[in-house]
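Q: The sequence shown begins at 1483 in our numbering and counts up by one.
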Amino acid sequence: MTETDPDTFIQAAMEWHFNPETGSPFWLERAATLDFDPRTDVRSHADLRRFPNVAAELRDVRVADLIPRGYGPNPDVVGFFDSGGTTGAPKRVVLMRDWLDRMLAAMRANYAAHGLEPGKDWLGVVPTGPHIVGELFRRSAAGFGGHGFTIDLDPRWVKRLIAEGRGPDVGAYADHLIEQAEYVLRTQDIGVLMITPPLLERLALRDDLVALVNEKVRLISWGGTQLDPDSRELYKTEVFPGVALHGNYGSTMMLGVASERPHLPAGTSCVFDPLAPYVTFDVVDPDTGDTVAYGERGQVVVSHVSRSFLLPNNLERDLAIRVPAAPGQIGDSVANLRPVMTFEREAVIEGVY
1483 MTETDPDTFI
1493 QAAMEWHFNP
1503 ETGSPFWLER
1513 AATLDFDPRT
1523 DVRSHADLRR
1533 FPNVAAELRD
1543 VRVADLIPRG
1553 YGPNPDVVGF
1563 FDSGGTTGAP
1573 KRVVLMRDWL
1583 DRMLAAMRAN
1593 YAAHGLEPGK
1603 DWLGVVPTGP
1613 HIVGELFRRS
1623 AAGFGGHGFT
1633 IDLDPRWVKR
1643 LIAEGRGPDV
1653 GAYADHLIEQ
1663 AEYVLRTQDI
1673 GVLMITPPLL
1683 ERLALRDDLV
1693 ALVNEKVRLI
1703 SWGGTQLDPD
1713 SRELYKTEVF
1723 PGVALHGNYG
1733 STMMLGVASE
1743 RPHLPAGTSC
1753 VFDPLAPYVT
1763 FDVVDPDTGD
1773 TVAYGERGQV
1783 VVSHVSRSFL
1793 LPNNLERDLA
1803 IRVPAAPGQI
1813 GDSVANLRPV
1823 MTFEREAVIE
1833 GVY
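(1) Would L1681 and A1663 qualify as a contact pair, given that the criterion is a beta-carbon distance under 9 Å?
(2) Could you tell me the distance, in whole angstroms, from the CA atom of D1547 to the CA atom of T1490?
(3) Would you call the region 1618 to 1633 in contact with the region 1582 to 1589, where contact means no fewer than 3 C-beta pairs closer than 8 Å?
(4) Buried or exposed: where does R1579 fall if 16 or more other Cβ atoms within 10 Å of its Cβ makes it buried?
(5) Once DSSP output is grouped into helix, strand and coil, what is the label at T1707?
(6) Does the pairing of the region 1558 to 1577 with the region 1722 to 1741 give three or more beta-carbon distances under 8 Å?
(7) Between the Cα of A1726 and the Cα atoms of L1716, G1732, S1733, which residue gives the shortest distance?
(8) Here's a check: name, in chain order, each residue in its chain whose Cβ is nearer than 7 Å to the Cβ of G1625, leaving out the five neighbours to either side.
(9) When DSSP labels each residue in this structure, what does S1565 get in the three-state scheme?
(10) Starting from V1692, trace the alpha helix (DSSP H) both ways and give me its first and last residue.
(11) Can the beta-carbon of G1706 be found closer than 9 Å to that of G1732?
(12) Starting from the C-beta of R1574, find all residues in its chain whose C-beta is less than 6 Å away, skip the five residues before and the five after it, and write them out in chain order.
(13) Starting from the N-terminal side, write out each stretch of the alpha helix (DSSP H) that is 4 residues or longer and does not extend beyond the region 1557 to 1619.
(14) Under a Cβ-count criterion, where at least 16 other Cβ atoms within 10 Å of its own Cβ denotes burial, should P1600 be classed as buried or exposed?
(15) Please state the DSSP three-state secondary structure of E1778.
(16) Just tell me which of S1790, R1779, G1505, L1757 has its CA closest to the CA of G1813.
(17) What are the start and end residues of the beta strand (DSSP E) that includes Y1731?
(18) Applying the 10 Å Cβ sphere with the 16-neighbour rule, what's the burial state of L1847?
(19) According to DSSP, which residues form a beta bridge with D1764?
(20) What span of residues does the beta strand (DSSP E) with A1817 cover, start to end?
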C-alpha cells in the first residue's frame, strides 16, 4: 500500500483487506453482509463512512481471524491485546510487527520533537498485561536507549470499585499504585514518567514526590484518561515547571496513540495529531453524524486503515474540539477531549485509566 496519495492508499487498502487471497477471515466473511463492494465502491477517505461500526463485534471474534491472509502461514504477530472494558466485556485486536514498528517510529519522532534525549530510564504507571499501552511503553523506553520500569495496575478493578460505589477502596488502591511508583522513583534514575492524569493528580498531592519528580524527571507523558486544560497549565507552570509535559491520546481500537502536536504556543490547548493516513479522525455531531465546524465540539470517529488491521468508522467514547489537521494530513486533529456520559448503553467510568 502506498501512502503518497490518500485516495490511492485507501483503494489499495480495500483491495488488500477484501481480496480473498490477502484479507482476514473476519472481513472476508463480514463483506457478504455489506450493501456495497469495498473493492470498487470505497475510493476515498470520505467513503469509509459507508462501513458500519463493527468494534463491538471484536468482543467475541476469534482473534486469529483478524490476521490478513496476505501475511502468509507464519505471520509476525506481536500479540493480541484487550480494551479496558470501560463499556462492557473487553474488545480484542491483533498487533502485527510491521504496524508496531511504524507506530514506534512515529512516537520516537514525536518525543524527540518535544525535546526528549535518549539514554533515560522510564517509569510506566500504566496498565500492562493484556493492554497495548504496556507494550508500547516498554518498547518506547528501549527505543530511546533506556530501561522501562513498570508497576501493577489493573484498570478494570478500579472501574468495578467505582461502579459498586466503593469510593474508599478506590482511594486506597490509587495510594497503593503511587506507593509502588515511589519505590522506583526513589531508587532509580528515572528520566521519563508515563502516567495517567488521575494518578498524576494524586502524586501531585505529595510535596516530597513533586520535589522528587522535579529533581529527576525530564518529561512526563500522560494519557489514558483526559487532562483538563486548567490542570495541564497548572502542572506546566507551577507544579512541574522544569519538566516537559507531553500528552498521548490513544485507545486499543485505534491500535496506538495520537501524540501531542509539538511546539504549541504557551497557554494553548493540547492538540493531538493522528498517524494519518493509517489512523484518521473525524469529529461529528453525535445526533446527526454530520461533521461539526472547526472549533466546535463533537464525538470522535476513528478509522484505522493499515496493512495489518482494518477498523473504519469507529465511534469512540470521547468528545473533542475539531481542529484543522497538520499540513499534509487528511481528516481532523482534536483538542480538549472528555468522555461521553454513556456509551453503548453503559455508563462511562474512566477510573485511573
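Every residue, glycine too, gets a C-beta built ideally from N, C-alpha and C.
A: The relevant details are as follows:
(1) In this structure, A1663 lies closer than 9 Å to L1681 by Cβ.
(2) So the two alpha carbons sit approximately 26 Å from each other.
(3) yes
(4) Of the residues assessed, R1579 falls on the exposed side of the cut-off, its CB having fewer than 16 other CB atoms within 10 angstroms.
(5) coil
(6) Using a Cβ-Cβ distance cut-off of 8 Å, the region 1558 to 1577 and the region 1722 to 1741 are in contact, since at least three pairs of beta carbons, one from each stretch, lie closer than that value.
(7) L1716
(8) L1586, R1590.
(9) coil
(10) 1689 to 1698
(11) yes
(12) L1540, V1545, F1562, D1564
(13) 1579 to 1595
(14) exposed
(15) coil
(16) L1757
(17) Going by DSSP, Y1731 is part of the beta strand (DSSP E) stretching over 1726 to 1733.
(18) Summary: the structure shown does not reach residue 1847, with the chain confined to residues 1483 through 1835, and so no result is reported for it.
(19) V1783
(20) 1815 to 1821
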